[in-house]
Structure formats: C-alpha cells, structure tokens
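Note sheet for the following structure.
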Amino acid sequence: QKEVEQDPGPLSVPEGAIVSLNCTYSNSAFQYFMWYRQYSRKGPELLMYTYSSGNKEDGRFTAQVDKSSKYISLFIRDSQPSDSATYLCASIRNSGNTPLVFGKGTRLSVIA
Amino acid sequence: EAGVAQSPRYKIIEKRQSVAFWCNPISGHATLYWYQQILGQGPKLLIQFQNNGVVDDSQLPKDRFSAERLKGVDSTLKIQPAKLEDSAVYLCASSLAAGRINEQFFGPGTRLTVL
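Protein chains in written order, with the numbering used here: chain A, 1 to 112; chain B, 1001 to 1115.
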C-alpha cells in the first residue's frame, strides 16, 4: 500500500462547479498535509498546507484534513478554466528532514 | 525573484548512454532536492542536499545515479548508464532551509526519454 493514495482521474467539470479532490494516507506519523498544483510542462507549486486536522481556507480553495479517517480533501469553489491542472496531495512527518510523500495527482479539466 | 532554473528542458538518449542534468536553485536557498516524476505518478524524492552535504539519498539508485552540489549552490544529477525505466521528468526544487513546512519551489523539470 502506498503511503498516500490519490485517484488520478481525469476529472472534468463545467465552469463554476464546486470541485472536490481527495486523498487518503496510511502513515499515522504524517502531521503536515499539502496541496500542490502542477500545470502541464511545469513544476508543482504549493497551493496551501494544513497542520493536523481541520480546515483552512484561501480564497476559492479550502483544504480539509480528517486524521481520524486519514482523509485529505481540497475543495475549489466557482471553478475556472484556469484551474485546469494536476493537483497533487503530499504529506510529511513531524520531523525536520523527512521527505514529502506525494500522491499520484488528479488531473482536473474545467470546461468553459 | 528568479525561480529554480533547470537545463536541458528535454533530452532523448538511447539506453546505456549517460546523461546529466543541471539545476540552479533560488539564490539563498540552502536546501536542494532532486525528484523523479514518472508519467502519471507524483514526484519521488531522489536526493536532498543541505548546502553541499547530502541529507537523504535513500531512494537514489546509487548503482547508476549520482548527484553533487559543489559549493552549495548549483547541482548536477547524472545517470550512467540509463535504462528504459529512467524515462521521466526530473524536477529540481529548493527551499530556504530543511523543515516541515519550508516551501519547496520547483523548477520546470527536464523531460528524459530513454529509447
């Protein structure tokens, strides 16, 4: 079992829809949870991160972590064509030099 | 602020040949990472440097891959000899320091095709 599992999609939604992207993880030691966005032919860029359980909101994006079920979610409200990209979840343990563990990424297309 | 620079952007080689990739991190970033991203997968860490010292190379296939970061700035990643399964995008990232939430900034990657 991979440490971070993510449905690769692809996911296609109409403009303005609410998008829900999800990951599960298996390592109880993970404390920090990140969402990266990767446009085609580009490197990933950090969208937002959360520590432990709870919600974090940034504009149209909301990240949610439920540690009891080891479930990570990213919600995008009022989705735009410019949101079309691959979204990668990643987790890291609560110690300084351990590596980020990425999911496979979910490819999202927002259709105008 | 200039981002992470990588070259070349694309490389096509035949199996058993050698190849090298170059990375210039963001100025002042002490930590540098090399990732391998196979098509349809998330990035996998190959090696992490703190200044010019190796912090983690546990997932680097050391029989064929090598990396160095002389002078604690630029870095090169080499594959010798290449195999078909090395076809991937090689991403370089840097961060101000190592740590849980020190944001990693990624370069555009080098897309390697091994024929």
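Glycine included, C-beta positions come from ideal geometry on N, C-alpha and C. Nothing here was measured: the structure is a model prediction, and the numbers come from that model.
Residue-level contact to chain B via CB, residue i, 7 Å cutoff
i, result
"G9(A)", "no"
"L88(A)", "yes"
"G16(A)", "no"
"P99(A)", "yes"
"K67(A)", "no"
"K2(A)", "no"
"K104(A)", "yes"
C-beta neighbour in chain A for residue i, strict 7 Å
i, result
"E999(B)", "Absent from the model: residue 999(B). The displayed extent of chain B is 1001 to 1115, so no value can be given."
"L1091(B)", "yes"
"G1072(B)", "no"
"G1042(B)", "yes"
"G1028(B)", "no"
"P1108(B)", "yes"
Identified DSSP bridge partners for residue i
i, result
"S135(A)", "The structure shown does not extend to residue 135(A), since chain A is modelled only from 1 to 112, so the question has no answer here."
"P4(A)", "According to the sequence shown, residue 4(A) is Val rather than Pro. Partner(s): Y25(A)."
"A90(A)", "M34(A), F102(A)"
"L1013(B)", "The question names Leu, but residue 1013(B) in the sequence shown is Ile. DSSP, once it has assigned bridges, lists V1114(B) as partnering I1013(B)."
"L11(A)", "L108(A)"
"I76(A)", "V19(A), F61(A)"
"I1047(B)", "W1034(B)"
"G1053(B)", "Q1050(B)"
"A1005(B)", "N1024(B)"
Residue i at chain C interface by Cβ criterion, 7 Å
i, result
"F75(A)", "The structure shown contains no chain C; its protein chains are A and B."
Proximity test, residue i beta-carbon vs the ligand ATP heavy atom, cut-off 6 Å
i, result
"V13(A)", "The model depicted lacks the ligand ATP and carries no ligand whatsoever."
Note to self: Tell me which residues of the region 40-61 of chain A have at least one Cβ-Cβ distance to chain B shorter than 9 Å, keeping chain order.
What the structure shows: R41, K42, G43, P44, E45, L46, Y49, Y51
Open item on the list: Using 8 Å as the cut-off, can you tell me whether the region 1075-1095 of chain B makes contact with the region 1029-1047 of chain B, which would need three or more C-beta pairs spanning the two stretches below that distance?
Closed with: yes
Problem set entry | Residues within the region 1044-1068 of chain B neighbouring chain A, beta-carbon criterion of under 9 Å | Cβ contacts with chain A: K1044, L1045, Q1048, Q1050, V1055, D1056, S1058, Q1059.
- Message: Check whether the region 1105-1114 of chain B and the region 1064-1073 of chain B touch, using three or more Cβ-Cβ pairs below 8 Å as the test.
- Response: no
Notebook entry, point to check: Is the region 41-56 of chain A close to the region 1073-1084 of chain B, with three or more CB pairs under 8 Å?
Noted result: no
>> Between the region 26-40 of chain A and the region 1005-1023 of chain B, can you find at least three pairs of beta-carbon atoms closer than 8 Å?
In response: no
May I ask you to verify whether the region 86-93 of chain A touches the region 101-109 of chain A, counting CB pairs closer than 8 Å and requiring at least 3? Yes: at least three Cβ pairs fall under 8 Å.
>> Quick check on the DSSP output: what are the complete beta strand (DSSP E) runs of length 3 or more inside the region 21-68 of chain A, in order along the chain?
In response: 30-38, 45-51, 54-58, 61-66
Report task. Report the residue ranges of all beta strand (DSSP E) runs contained in full by the region 1063-1114 of chain B; include only those spanning at least 3 residues, in chain order. Result -> 1065-1068, 1075-1079, 1088-1095, 1110-1114
* Any contact of the region 57-66 of chain A with the region 1050-1060 of chain B, i.e. 3+ C-beta pairs under 8 Å? -> no
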